[in-house]
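As structure tokens, the structure follows; a few thoughts come after it.
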Amino acid sequence: MIKNGKTGLWTPTRRGLMKGIGAGALGLGLGGLGPAYAQIANAGDWAKFSGTNLRLLLVNHWWTDAVKAKIPEFEKLTGMKVTLDVLAEDNYYQKAAVELSAGMGNYDALMVGNMQAGQYMAAGWLAPLGDLLSSSAIIDKSWYNLEDIFAPGREAGSMNGSLQALPISTEAEAVIYRTDLLEKAGLGPIRTFDDLEAAATAMNKDGVAGIVGRGRRGLDVVWVWTGYFLGHGGDFFVDGKPGVDTEAGVKATDLYVNKLLKANGPQGTANMSWLEASGVFKDGKAAIYTDASGQLAVVLDKASSRVVDTVGTFAWPSYGDQAAAPNYWFWLLGMPATSRNQEAAALFIAWATSPEISLAVGRDTGSPVARASVWEDEGFRKFYPGDTAAEISKTLASVQPLRVPYSDPKFPPVVDALSIEIVNVLTGTKDVETAMKDAAAGMTRAMGG
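Each step along the sequence shown adds one to the number in full-length UniProt numbering, with nothing skipped, and position 269 is 269.
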């Protein structure tokens, strides 16, 4: 849980890699454990739980894809067997809520979105990780270096001083765009919301949408909308009451929904999650895509993207005299309190979030892992074209985490109530002013008011 008053997640600084990790140990070897496991092999009793079967519940996500490819290496290192259940995001949320609330004990570890973390921890559904990772019973804590994991991510997975989930990816909103189309249109950098609207309008031609973005009910549409809302000076709650029916809420919704998605976006936006929206962009059918910076791992995938050589990124835009305020997201890895293999599961979590695996995942896929040392690694930064890494660092540093009440257990139903009305604007069912008033009323009901 974020309890400090900082206005940014972190400010990247030059720092070396972990003490004791040599240059030859930074890439994972093939055809066996190889020299990359020289440090890992000495960091704990990896065979302590040999023969244990671990079952994980994961989201269809680029981090999942990257780690899934390395699971055989973990199994060889530990003698354990790992079974993955990977679900689409909406299905995952439903499955996780049922499994955790019923205390079924079917899973030993699972991914946790930072919006759900507060709810899960408040309900006692996650087991404490801090003691397991800070003692020498599981791993060498000096090798693991918990402090290298971004502090806001650790705070997002903590409640009342108890660490219960660890961040595996860290993202903030950014403007992903086609460099060739921006140049062809004779446009400069997109630094303000006015620049964004002008660019989307100018490039909306020749069968290419000016912009694409999420529009589906639930967290999908609200997550992206939030950066527009905060950027206009909005706050989710003002004096304990919903603040979305303010001028900031109306302007943000009018911009994102009416002026961008409806005026310059593709058909079917109301049914789009990030999966569909990213697909439109990487197929070359949209000029701009505003979403999480982690989406770069998707649109820069050489195996599936048609626009790999023409992808650029700008940090999140600002509005007037307001500072840019992109939304942010951590995916975390936690352990159900009902797991029957808690020490073995903690060992897996330590491996999956370790310096070596984090660096390998970052270098292989560009996945925005949550270790500071990885973000300072030149091999990782080379994944991103041009000045993209610098733009991502800028947008991450501009996050204002206290303005998004992710840690409030009541936030998920509030998000759903808000999303219904944003989608009503997108489908033309309501005008912006009416929808935002109704959204505020729906949010109040969701909070039990």
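Beta carbons are placed, not taken as given, at the ideal position from N, Cα and C, and that holds for glycine.
Listed in chain order, the alpha helix (DSSP H) elements of length 4 or more contained wholly in the segment 49-85 are 62-68 and 71-78.
Linking A102 to A165 through their CA atoms gives a straight-line distance of about 20 Å. In this model, P167 and V308 are separated by some 27 Å (Cα to Cα).
Residue pairing by DSSP places E173 opposite A292 in a beta bridge. The C-alpha of M443 lies about 9 Å from the C-alpha of G449.
Here the segment 336-349 does not lie against the segment 219-232, with fewer than 3 beta-carbon pairs under 8 Å apart.
Listed in chain order, the non-local C-beta contacts of T64 below 7 Å within the same chain comprise L58 and V86, local neighbours out to five positions each way being set aside. For secondary structure counted as the beta strand (DSSP E) over 3 or more consecutive residues, the segment 313-347 holds these complete runs in sequence order: 328-334.
The residue from R363, T52 and A109 with its alpha-carbon nearest to that of S339 is A109. For L129, no alpha helix (DSSP H) segment is defined, and its DSSP state is neither H nor E. In its chain, beyond the 5 residues on either side, V250 have a beta carbon closer than 7 Å to the beta carbon of E433. The segment 151-159 and the segment 112-122 touch, with no fewer than 3 CB-CB distances between them shorter than 8 Å. If you draw a straight line from the Cα of V98 to the Cα of M447, it comes to about 21 Å. Per DSSP, G234 lies in no alpha helix (DSSP H) segment and is marked neither H nor E. With respect to V208, A297 sits apart: the two C-beta atoms are not nearer than 7 Å. Rounded to whole angstroms, the Cβ separation of A352 and L332 is 11 Å, and the two are not in contact under 8 Å. Here the C-alpha atom of Y177 lies approximately 10 Å from the C-alpha atom of G284.
Ranking F49, I190, S304 and L261 by CA distance to the CA of I422 puts L261 first.
For P413, the three-state secondary structure derived from DSSP is helix. The segment 197-204 makes no contact with the segment 268-285; the number of CB pairs closer than 8 Å stays below 3. If you ignore the 5 residues before and after A325, its C-beta comes within less than 6 Å of the C-beta of L230, G231 and Q400, all in its own chain and listed in chain order. The alpha-carbon of W329 is positioned some 12 Å away from that of P405.
Here the C-alpha atom of S373 lies approximately 33 Å from the C-alpha atom of D180. Annotation for G113: the continuous beta strand (DSSP E) segment containing it runs A109 to G113. K282 is classed as buried because its beta carbon has at least 16 other beta carbons within 10 Å across all chains shown. Apart from the 5 residues on each side of it in sequence, T52 sits with its Cβ closer than 7 Å to the Cβ of M80, N341 and A344 in its chain, given in chain order. Contact check for G215 and L426: beta-carbon distance about 5 Å, within the 8 Å limit, so the pair qualifies. Less than 7 Å divides the Cβ of A172 from the Cβ of L396. Residue range V432 to A446 is occupied by the alpha helix (DSSP H) that includes M436. In this structure, S367 is the residue among S367, K48 and D416 with its C-alpha nearest to the C-alpha of I392. Taking the CA atoms as reference points, D206 sits about 14 Å from L182. Cβ contact annotation for T313 (same chain, cutoff 6 Å, sequence separation greater than five): A174, I176, T388 and E391, in chain order. The residue among A137, M159 and I139 with its C-alpha nearest the C-alpha of W125 is M159.
Within the same chain, Cβ atoms closer than 8 Å to the Cβ of L146 are found at L133, S134 and R154, the five residues on either side in sequence being excluded. Just so you know, the alpha carbons of I40 and Y319 end up roughly 47 Å apart. Note that the C-beta distance between G227 and W316 is below 7 Å.
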